[in-house]
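The letter at position 287 of the sequence shown is residue 288 when you use our numbering, and the numbering goes up by one with no holes.
The beta-carbon is built from N, C-alpha and C at its ideal position, and this holds for glycine as well.
Worksheet: one structure, shown below.
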Amino acid sequence: MSRLTVLACALAAASVTLLPTPAAAAPSDLALATRWAPIHYQDTDSSDYDADYLSRVDYDGDWNAVNNWENQSADVNRLKGAVYYSVVETGTHWFLTYALYHPRDWEDFPDPFEQFTHENDMEGLLLTVRKDGSTYGAFEGMVTVAHSDFYSYTPAGSPFTSGGESVDGQVVMQTYNGVAHPTTFQEAKGHGLYAKNAQHAPDGDGVVYYPSGTAEVPSSGTDSSVGYQLVNMLDAGGLWARRANTETYAAPGTFRGDNGKDNAANTSWGWDDGNDGSVPRGSVATDPALLVGTYFGGLGDFSRTYSRNSFR
Numbered sequence: 002m003s004r005l006t007v008l009a010c011a012l013a014a015a016s017v018t019l020l021p022t023p024a025a026a027a028p029s030d031l032a033l034a035t036r037w038a039p040i041h042y043q044d045t046d047s048s049d050y051d052a053d054y055l056s057r058v059d060y061d062g063d064w065n066a067v068n069n070w071e072n073q074s075a076d077v078n079r080l081k082g083a084v085y086y087s088v089v090e091t092g093t094h095w096f097l098t099y100a101l102y103h104p105r106d107w108e109d110f111p112d113p114f115e116q117f118t119h120e121n122d123m124e125g126l127l128l129t130v131r132k133d134g135s136t137y138g139a140f141e142g143m144v145t146v147a148h149s150d151f152y153s154y155t156p157a158g159s160p161f162t163s164g165g166e167s168v169d170g171q172v173v174m175q176t177y178n179g180v181a182h183p184t185t186f187q188e189a190k191g192h193g194l195y196a197k198n199a200q201h202a203p204d205g206d207g208v209v210y211y212p213s214g215t216a217e218v219p220s221s222g223t224d225s226s227v228g229y230q231l232v233n234m235l236d237a238g239g240l241w242a243r244r245a246n247t248e249t250y251a252a253p254g255t256f257r258g259d260n261g262k263d264n265a266a267n268t269s270w271g272w273d274d275g276n277d278g279s280v281p282r283g284s285v286a287t288d289p290a291l292l293v294g295t296y297f298g299g300l301g302d303f304s305r306t307y308s309r310n311s312f313r
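The structure is reproduced here in structure tokens:
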């Protein structure tokens with residue numbers, strides 16, 4: 002090879018521009034929600050197993066929220082596993098809300114004065130996932146809803162620490178379809194939701210729900226593998242779109258119900274912790290960056306400006 006040819010090759014190589022590696026394409030909301038969807042341990046009570054099965058608000062074929070208590074026991078095959086979800090995002094994070102519905106919040110003793118039970122029940126969780134350049138991000142924190150209290154958890158390796166609220170424990174991860182998912186536990190009857198750990202764990206019976214994409218009905222009150230379907234609460238004609246419909250709602254974020262305490266169940270934009278100070282009711286859905294920024298420390302690069310938030 003001549004010196005001229007060698008020089009030409011060297012100049013050509015020097016002129017090559019190295020392009021940056023493209024960022025991973027943004028996943029769809031359903032793909033993102035499926036990736037981080039919880040493996041859910043639902044405790045059941047032997048006096049009425051199927052009253053603890055997950056379902057949709059319109060499981061009985063209508064959106065009338067005042068007949069859900071009565072219709073719950075009519076046909077167990079309508080109680081197909083479902084979990085509602087929504088996605089909100091800032092420049093640094095995705096905030097994934099999962100809402101779990103039961104037709105009844107119930108007790109196994111008489112409630113003649115309607116103080117301990119109510120029609121409809123929706124409790125759930127908020128996951129915070131950092132946009133770290135990978136397709137589905139890095140899971141950093143979880144807040145669960147148990148009645149009128151919120152509980153904070155972090156997975157192993159998270160930078161999050163206690164902030165305005167104390168971290169209540171660690172998220173146990175479980176592999177499903179080759180990837181790690183957070184695990185959650187929900188009480189029988191009252192359906193308070195927590196991280197699944199030594200303090201909140203099944204007691205011998207119960208149903209384990211997996212985000213398979215198929216809505217299945219448990220075979221009994223003890224079933225170790227039941228699929229659930231994710232339902233976007235922001236879908237046309239869905240939970241959020243119907244937010245002003247008086248057939249379903251008695252007030253903003255509150256389901257209509259006339260068994261037990263009237264109108265006692267709330268949606269994600271109605272959830273409220275009774276003692277977290279300045280965090281407004283419904284912030285899990287409407288302002289999750291405020292809630293997470295208040296509850297946790299060690300946030301690092303953390304934007305509170307929404308690039309997408311359909312609840313606002």
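Roughly how many whole angstroms lie between the Cα atoms of Pro-203 and Trp-241? The straight-line gap from Cα to Cα measures roughly 32 Å.
For my contact list, Tyr-42 and Phe-186 are in at a C-beta cut-off of 8 Å; report their separation, rounded to the angstrom. The Cβ separation is near 5 Å, so the contact holds.
Within its chain, find whatever has a CB closer than 6 Å to the CB of Gly-254; leave out the 5 residues flanking it on each side and keep chain order. Answer for Gly-254: Asn-267, Thr-268, Trp-270, Gly-271 and Gly-283, listed in chain order.
Nearest candidate by alpha-carbon position, reference Ser-47, set Arg-257, Asp-274, Thr-155 and Ala-189: Comparing Cα positions, the closest option is Ala-189.
Around the C-beta of Phe-161, are 16 or more other C-beta atoms found within 10 angstroms, so that it is buried, or is it exposed? buried
Taking all protein chains shown into account, do 16 or more other C-beta atoms lie within 10 angstroms of the C-beta of Phe-114, making it buried, or fewer, making it exposed? exposed
Within the chosen definition, does the stretch 81 to 91 reach the stretch 153 to 170 through at least 3 CB pairs nearer than 8 Å? no
Quick check: what's the CA-CA separation for His-94 versus Phe-110? 44 Å
Where are the beta strand (DSSP E) runs, 3 residues long or more, that stay fully inside the stretch 24 to 89, in chain order? Scanning the stretch 24 to 89 for uninterrupted beta strand (DSSP E) segments of 3 residues or longer gives 40 to 43, listed from N- to C-terminal end.
Opening and closing residue of the alpha helix (DSSP H) in which Ala-202 lies: Premise fails: Ala-202 is in no alpha helix (DSSP H) and is neither H nor E.
Name the DSSP bridge partner or partners of Arg-105? Answer is Glu-120.
Helix, strand or coil, according to DSSP, for Ser-337 in the structure here? Outside the displayed range of the chain (2 to 313) lies residue 337, so it cannot be described from this structure.
Nearest-angstrom beta carbon gap, Thr-176 and Pro-28 [assumed within contact, 8 Å]: Not quite, the Cβ-Cβ distance comes to about 19 Å (not below 8 Å), so this is no contact.
Could you spell out where the alpha helix (DSSP H) holding Val-337 opens and where it closes? Because the chain here runs from 2 to 313, residue 337 falls outside it and cannot be looked at.
By how many angstroms is the C-alpha of Val-280 removed from the C-alpha of Leu-291? 7 Å
Buried or exposed by the 16-neighbour rule on C-beta atoms within 10 Å, applied to Asp-30: buried
Three-state secondary structure (DSSP) of Tyr-137: Assignment of Tyr-137 by DSSP, reduced to helix, strand and coil, places it in the coil class.
Given a cut-off of 8 Å, decide if Trp-64 and Pro-1 are closer than it, judged by their beta-carbon atoms. Because the chain in this structure spans residues 2 to 313, residue 1 falls outside the shown range and cannot be described.
May I ask you to list the residues that DSSP assigns as paired with Lys-262? Its beta-bridge partners are His-119.
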